[in-house]
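In what follows, a structure is listed as structure tokens, so that the remarks can point back to it.
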Amino acid sequence: AQTVTQSQPEMSVQEAETVTLSCTYDTSESDYYLFWYKQPPSRQMILVIRQEAYKQQNATENRFSVNFQKAAKSFSLKISDSQLGDAAMYFCAYCRRNNLFFGTGTRLTVIP
Amino acid sequence: DAGITQSPRHKVTETGTPVTLRCHQTENHRYMYWYRQDPGHGLRLIHYSYGVKDTDKGEVSDGYSVSRSKTEDFLLTLESATSSQTSVYFCAISKGLAGDYDEQYFGPGTRLTVT
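Protein chains in written order, with the numbering used here: chain V, 1 to 112; chain A, 113 to 227.
Given below as structure tokens:
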């Protein structure tokens, strides 16, 4: 079974600063996708960014970028210029063949 | 916005009663999913569907059944609810034709409490 580990239950960052959330996963597959989802207090799950395992280039979406290390099975999320609206739970997820496996989440607090 | 609604949004029920949660989508996507979210576990897949009357089990399917008689609706049924099924339930869809590796878009969730 695939497992996804987020070792930081809670993180905090000053507004306008940069923070990195960690994620590692375990798989024997070579083809898979990875995602970061954000869950604000509204409980809605919002897709932040995706990474295809076959791509060496790290994905970027505006202030969000990933550091994908396939050999190390590591997939961290970097949030630049943090904003108050970034405060949420962040979930890393591994996807293969219709199964999306989630980590247990990291709660991010943004300090004004 | 993937046009996903869930009903009810909140429900309290007693142990042993049947419960059905409904997921409705407006865009006719092929793949639909049911997850549960519990503290310390993240989200876990219960069942998914890859077409009308085509469903398969996920990681935590015991005690749950699903049905999909129309493209737009995916029902999750707890035949006899237990306290361990108290959770937040999310429906999701994927927009791609293949579905295998597409990102999933989530509904607003249903909070179910079994007393």
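Note that the Cβ used here is the ideal one computed from N, Cα and C, for glycine as well. Computed from a predicted model, the values in this text were never measured in an experiment.
Nearest neighbour of residue i, chosen from the options [CA to CA]
i       : options                               : result
S177(A) : Q137(A), T183(A) and S192(A)          : S192(A)
G163(A) : L157(A), L155(A), L224(A) and H141(A) : H141(A)
R224(A) : G115(A), I116(A) and V124(A)          : One point to set straight first is that residue 224(A) is Leu, not Arg, in the sequence displayed. Residue V124(A) is the option with its Cα nearest to L224(A).
Y94(V)  : T18(V), V48(V), L34(V) and T20(V)     : L34(V)
T132(A) : L190(A), Q197(A), D185(A) and V226(A) : L190(A)
Y106(V) : P220(A), F202(A) and G154(A)          : Note that residue 106(V) is Thr in the sequence shown, not Tyr. Minimum Cα distance to T106(V) is reached at G154(A).
P112(V) : V4(V), G85(V) and V66(V)              : G85(V)
K55(V)  : S7(V), T24(V), C23(V) and V66(V)      : V66(V)
D81(V)  : T5(V), A53(V) and R63(V)              : R63(V)
H159(A) : G152(A), E126(A), C135(A) and P120(A) : C135(A)
Y32(V)  : K73(V), F91(V), Y90(V) and I46(V)     : K73(V)
F101(V) : Y145(A), T167(A), G115(A) and I116(A) : Y145(A)
Contact list for residue i against chain A, beta-carbon separation under 8 Å
i      : result
G85(V) : By Cβ distance, chain A contributes nothing, its closest Cβ being about 18 Å from G85(V), past 8 Å.
Residue i - partner residues in DSSP beta bridges
i       : result
K123(A) : L224(A)
E52(V)  : Y33(V)
R43(V)  : Note: R43(V) sits in no beta bridge, so no partner.
T115(V) : Residue 115(V) lies beyond the residue range present for chain V, which begins at 1 and ends at 112; the question has no answer from this structure.
R96(V)  : N99(V)
R134(A) : S119(A) and L187(A)
Helix, strand or coil at residue i according to DSSP, with G and I counted as helix
i       : result
G152(A) : coil
S196(A) : helix
G163(A) : strand
D26(V)  : strand
D81(V)  : coil
D86(V)  : helix
H141(A) : coil
K207(A) : coil
Residue i: contacting residues in chain V (beta-carbon distance under 9 Å)
i       : result
H153(A) : F102 and T104
F202(A) : R43 and M45
Proximal chain D residues relative to residue i, where beta-carbon distance stays under 9 Å
i       : result
Y143(A) : No chain D appears in the structure shown, which is made up of the protein chains V and A.
Chain A contact residues for residue i, given Cβ-Cβ distances below 9 Å
i      : result
Q44(V) : F218, G219, P220 and G221
L47(V) : E215, Q216, Y217 and F218
Contact list for residue i against chain V, beta-carbon separation under 7 Å
i       : result
Y160(A) : N98
Neighbour list for residue i in chain A, Cβ cutoff strictly below 7 Å
i      : result
R50(V) : E215
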